[in-house]
Structure formats: C-alpha cells, structure tokens
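Asks:
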Amino acid sequence: MGDRTKIINDPADLVPLIYTFNDDKNTEIFRKLTEGEITEESLKKEYGEDAEKVLELLKSIGLVKSDWSMGSDGPVKEYKSSYSKFRANFECNLEDIVEILRISTCEGTIENGLLDNGKEEVFKKACEEEKTISEISKETGIKEVLVRAVAKRSTSIFIKGNKIKVK
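If you're matching positions, the sequence shown starts at 1282 in the numbering used here and goes up one per residue.
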C-alpha cells in the first residue's frame, strides 16, 4: 500500500464508506488488504464466498486496486488497499451530516424507508426522467447534498456528471 490519501470534498461521499464499513466482514477484509497484496482465492478461503462481493464493493468506491503477478500456476490477480490515509475537506450543516449518517446506516432502501415523509415515489419518478440533481432537489424538497447521498447509497441509480441516472 502506498502513502496515498483518500480526500473527500463532498459530505455525500461519506455514504458509501460508512455503508461499507458498517459491516464487520467488509471491515475485516479491508483490514486484510491494508496489510499487503492478497489474492481473491486467499480471501475466499479465509472469509468465504462473500469475499468476491466485498472486493467488488471496495473496488466500486475506489478503496482497492489490483495488480497481476506470477504465481506458481501462472498469472494471478492480487488486491491491495489503494489508500493509507483519509482526509475530509468539507463543511456542512449539522442537520445535513446527521441525515447523511442516517442514510448511510439505515436498513431501508429508496423504495422502503430511506427517505422521510413519503418522498420515495417522487424521488424515483424524478430519477427515471434523468433530471439534474438541482431539478430533483426542487421537485422533492430534498437538499442537493442529500439527493447525492441517497444516490450514492442506492444500487439502482447513479450520478453521472450533475444528473441522476437509473442503472
């Protein structure tokens, strides 16, 4: 692992990190990856078949990188942590960070309890029309930072530029 720093400039970027590390197995596997390079097979032996899903999740949020090396049976893909340090570089309202933490740790989905006050349907409809984050914010009455937080927590939508798109 190099001496690289993961810099977060938007509080919504905390959502995938908190959501990921709210699970003990994900945390254990990530800690193993910070110790050095390890193959997916080694992780599967130690942590079971879920290791593959955890690796994909960690790769999707940019915390893990892979390299090829020569093993006894030929080329082998090895994984390791991309960063050794973390830095948060933002300021936001306390009420927004509280809501971001709730979004990150709650069990709900967009369809079931992630958003307050029955805004799920309005949010889903706006996302299906591929509107900008500010348009969705105006339609739903949800602050832009929270729209981004919900999108980063969702498995069915993603942010592309300043638009929310359905996967």
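Cβ atoms here follow ideal geometry from the backbone N, Cα and C, with glycine treated the same way.
From a predicted model like this one, the values you see are computed outputs, not experimental measurements.
Beta carbon of residue 1357, beta carbon of residue 1320: below 7 Å?
Replies: yes
Asks: Counting Cβ pairs, one atom from each stretch, are 3 or more of them under 8 Å apart for the segment 1370-1385 and the segment 1425-1439?
Replies: yes
Asks: Once DSSP output is grouped into helix, strand and coil, what is the label at residue 1348?
Replies: strand
Asks: Going by DSSP in three states, residue 1266 sits in which element: helix, strand or coil?
Replies: Past the boundaries of the shown model lies residue 1266; the chain is included only from 1282 to 1448, so the question cannot be answered.
Asks: Where in the segment 1289-1316 do unbroken runs of the alpha helix (DSSP H), each at least 4 residues long, occur, reported from the N-terminal end onward?
Replies: Fully enclosed alpha helix (DSSP H) runs of 4 or longer: 1295-1302 and 1305-1315.
Asks: Does chain D have any CB closer than 7 Å to the CB of residue 1415?
Replies: Note that chain D does not occur in the displayed structure, where there is just one protein chain.
Asks: According to DSSP, residue 1359 sits in a beta bridge with which residue or residues?
Replies: Answer is 1320 and 1348.
Asks: By DSSP, does residue 1342 sit in helix, in strand, or in coil?
Replies: coil
Asks: Contact check, residue 1378 vs residue 1411 under 8 Å by CB: the rounded distance?
Replies: Between residue 1411 and residue 1378 the Cβ distance is about 28 Å, and since that is not below 8 Å, they are no contact.
Asks: Let's test the definition: count the other Cβ atoms within 10 Å of the Cβ of residue 1353 and tell me whether it reaches 16, buried, or not, exposed.
Replies: An exposed status is given to residue 1353, since fewer than 16 other beta-carbon atoms sit within 10 Å of its beta-carbon.
Asks: Leaving out the 5 sequence neighbours to the left and right, which residues in its chain are closer than 8 Å to residue 1349 when beta-carbon positions are compared?
Replies: 1356, 1357, 1358 and 1359
Asks: Roughly how many whole angstroms lie between the Cα atoms of residue 1417 and residue 1318?
Replies: Roughly 42 Å separates the two Cα atoms.
Asks: Report the rounded CA-to-CA distance for residue 1450 versus residue 1422, giving the unit in angstroms.
Replies: What is shown of the chain runs 1282 to 1448, which leaves residue 1450 out entirely.
Asks: Along the chain, where does the alpha helix (DSSP H) containing residue 1414 start, and where does it finish?
Replies: In the DSSP assignment, residue 1414 falls within the alpha helix (DSSP H) that extends over 1414-1421.
Asks: Among 1289, 1442 and 1382, whose alpha-carbon lies nearest the alpha-carbon of residue 1343?
Replies: 1289
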